[in-house]
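**Student:** Have a look at the structure that comes next, please.
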Amino acid sequence: MAPLRLAILEADTPFAAVDAIYHGYHGVFKHLFTRAAAPTPLSSLLTLSQHDIVNDYLTAYPSLETVDAVLITGSKHNAYDNDLWITTLVEYTRQALATNGRVRVIGVCFGHQIVGRAMDMPVARAESGWEVSVTEIRTTEKGRELFGTDTQKIQQMHRDQVFGLPAGAQLLAETDICPNQGFIIPGRVITVQGHPEFTEFIMDELLRARHSTGLFSDDVYQSGMDRNGDHHDGLVVARAFIKFLQQDEQAQEA
1 MAPLRLAILE ADTPFAAVDA IYHGYHGVFK HLFTRAAAPT PLSSLLTLSQ
51 HDIVNDYLTA YPSLETVDAV LITGSKHNAY DNDLWITTLV EYTRQALATN
101 GRVRVIGVCF GHQIVGRAMD MPVARAESGW EVSVTEIRTT EKGRELFGTD
151 TQKIQQMHRD QVFGLPAGAQ LLAETDICPN QGFIIPGRVI TVQGHPEFTE
201 FIMDELLRAR HSTGLFSDDV YQSGMDRNGD HHDGLVVARA FIKFLQQDEQ
251 AQEA
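Letter by letter, the sequence shown follows residues 1 to 254 of the UniProt record's numbering.
Okay, structure coming up:
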């Protein structure tokens with residue numbers, strides 16, 4: 001089986017210290033998937049391509065005929081805004097979803113929200129406020145089937161949410177603050193509100209930067225810093241992404 005062609009649609013640029021190591025969120029996800037695939041070489045499972053859809057949104061998107069899947073990354077931007085690059089992304093996501101599984105879609109945080117918007121779900125800032133750093137979430141029956149656990153710990157960095165489930169989607173997990181922590185339509189799309197790709201170092205940079213600008217209160221910042229060293233299940237989520245892609249590919253070949 002040839003490796004699946006996964007396009008990483010970069011909806012933001014990491015902070016300078018992070019970017020110097022990973023060279024964009026493409027590199028962050030490559031680091032995640034490489035560890036999740038081990039001991040199997042990532043190159044035998046996935047080939048990742050890098051697409052800056054913020055600064056080069058007129059030319060960056062790959063033809064849907066040339067990829068097997070797309071992954072929409074997180075972002076500091078709001079998925080409900082109407083900047084041209086965001087509305088272009090929403091329309092591209094709709095086109096990918098319209099292939100009915102020929103091109104599969106993965107959404108992470110902002111990407112989860114973009115998928116929700118593309119599937120006509122309300123996306124907005126939640127009154128419940130921020131979820132940051134390593135956070136325990138409760139998995140649903142479908143989530144337990146996919147991830148293998150009743151609860152899961154995952155890095156979080158959001159205060160916007162998808163309100164409701166798209167038609168045909170199954171909820172994967174929830175928290176009291178955010179009832180929609182991700183969903184799946186088997187063979188078509190999978191999303192998570194958390195950040196499986198974030199390392200302790202990446203979260204540390206985010207927490208410090210957003211506290212220094214006053215975006216985070218002292219309490220939110222200190223709580224996040226206290227939990228940032230905790231174990232989290234990013235590799236479990238990444239393996240579920242790979243399994244989702246492989247199962248769909250195998251189903252097409254069957």
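Each residue gets a CB set at the ideal place from its N, CA and C atoms; glycine is no exception.
Under 7 Å Cβ to Cβ from A36, same chain only, skipping five residues before and after it: list those, please.
**Tutor:** Taking the first residue of the sequence shown as position 1, residue 36 is located at position 36. The answer, listed in chain order, is L235, A238, R239 and I242.
**Student:** In the DSSP assignment, what residue or residues form a beta bridge with E131?
**Tutor:** On the sequence shown, position 131 is the one that residue 131 refers to. Answer is H158.
**Student:** Does the beta-carbon of P41 have 16 or more other beta-carbons within 10 angstroms, so that it is buried, or is it exposed?
**Tutor:** As a working note, residue 41 is residue 41 in the sequence shown. It counts as exposed.
**Student:** Per DSSP, what kind of secondary structure is S44 in: helix, strand or coil?
**Tutor:** Stepping through the sequence shown from its first residue, residue 44 is reached at position 44. In this structure, S44 counts as helix in the three-state DSSP scheme.
**Student:** Which same chain residues, not among the five before or five after A254, have their C-beta less than 8 Å away from its C-beta?
**Tutor:** In the sequence shown, residue 254 corresponds to position 254, counting from 1. For A254, the pLDDT reaches just 35, beneath the cut-off of 50, and the residue's location in the model is therefore unreliable, leaving the point undetermined.
**Student:** So, using beta-carbon positions, are P3 and S63 closer together than 8 Å?
**Tutor:** If you number the sequence shown from 1, residue 3 lands on position 3. If you number the sequence shown from 1, residue 63 lands on position 63. Taking 8 Å as the Cβ cut-off, P3 and S63 do not qualify as a contacting pair.
**Student:** Does the count of Cβ pairs from the stretch 143 to 154 and the stretch 97 to 114 closer than 8 Å reach three?
**Tutor:** Touching, no, given that fewer than three Cβ pairs across the two stretches are closer than 8 Å.
**Student:** Just tell me which of I72, V192 and R5 has its CA closest to the CA of G143.
**Tutor:** Taking the sequence shown and counting its residues from 1, the one referred to as residue 143 is at position 143. The shortest Cα separation from G143 among I72, V192 and R5 belongs to V192.
**Student:** Let me check understanding here. Comparing Cα to Cα, which of Q156, T199, M203 and E197 lies closest to N180?
**Tutor:** To locate residue 180, count along the sequence shown from 1; it is residue 180. If we check each option's Cα against that of N180, Q156 comes out closest.
**Student:** State whether the stretch 182 to 189 contacts the stretch 14 to 21, with contact taken as three or more CB pairs (one from each stretch) at a distance under 8 Å.
**Tutor:** Segments in contact, no.
**Student:** Identify, in the order they occur along the chain, each residue of the same chain with its Cβ nearer than 8 Å to the Cβ of E249, setting aside the five sequence neighbours on each side.
**Tutor:** As a first step, residue 249 is located in the sequence shown; it is residue number 249 there, counting from the start. Bear in mind that a pLDDT of 43 at E249, under 50, signals an unreliable position, so the number given afterwards is only what the model happens to contain. Taken in chain order, the residues that qualify are M1, L4 and D68.
**Student:** Among the candidates Q247, H112 and R159, whose CA atom is the shortest distance from the CA of L215?
**Tutor:** The residue given as residue 215 occupies position 215 in the sequence shown. Of the candidates Q247, H112 and R159, the one whose C-alpha sits nearest the C-alpha of L215 is R159.
**Student:** When the Cα of W130 is compared with those of A167, D176, T87 and I114, which residue comes out closest?
**Tutor:** If you number the sequence shown from 1, residue 130 lands on position 130. Checking every option, the nearest Cα to that of W130 belongs to D176.
**Student:** Secondary structure at F216, three-state DSSP: helix, strand or coil?
**Tutor:** Counting from 1 along the sequence shown, the entry for residue 216 is found at position 216. If DSSP states are grouped into helix, strand and coil, F216 belongs with coil.
**Student:** Residues bridged to K153 by DSSP?
**Tutor:** In the sequence shown, residue 153 corresponds to position 153, counting from 1. Paired residue(s): E136.
**Student:** Alpha carbon to alpha carbon, what distance is there between A118 and A96?
**Tutor:** By 1-based counting over the sequence shown, the position of residue 96 is 96. By 1-based counting over the sequence shown, the position of residue 118 is 118. Whole-angstrom Cα-Cα distance: 10 Å.
**Student:** Mind checking E197: buried by the 16 CB within 10 Å criterion, or exposed?
**Tutor:** Locating residue 197 in the sequence shown gives position 197, counting from the first residue. Result: buried.
**Student:** How would you call Q252, buried or exposed, if buried means at least 16 neighbouring beta carbons within 10 angstroms?
**Tutor:** As a first step, residue 252 is located in the sequence shown; it is residue number 252 there, counting from the start. Any reading at Q252 must be qualified, since the residue scores a pLDDT of 42, below 50, and its modelled position is unreliable; the value itself is stated next. Q252 is exposed by the Cβ-count criterion.
**Student:** May I have a chain-ordered list of the alpha helix (DSSP H) segments no shorter than 4 residues that lie completely inside the stretch 171 to 249?
**Tutor:** Complete alpha helix (DSSP H) runs here, min 4: 200 to 212 and 218 to 227.
**Student:** What is the rounded straight-line gap between the Cα of I72 and the Cα of A7?
**Tutor:** Along the sequence shown, one-based indexing puts residue 72 at 72. Along the sequence shown, one-based indexing puts residue 7 at 7. C-alpha separation (whole angstroms): 9 Å.
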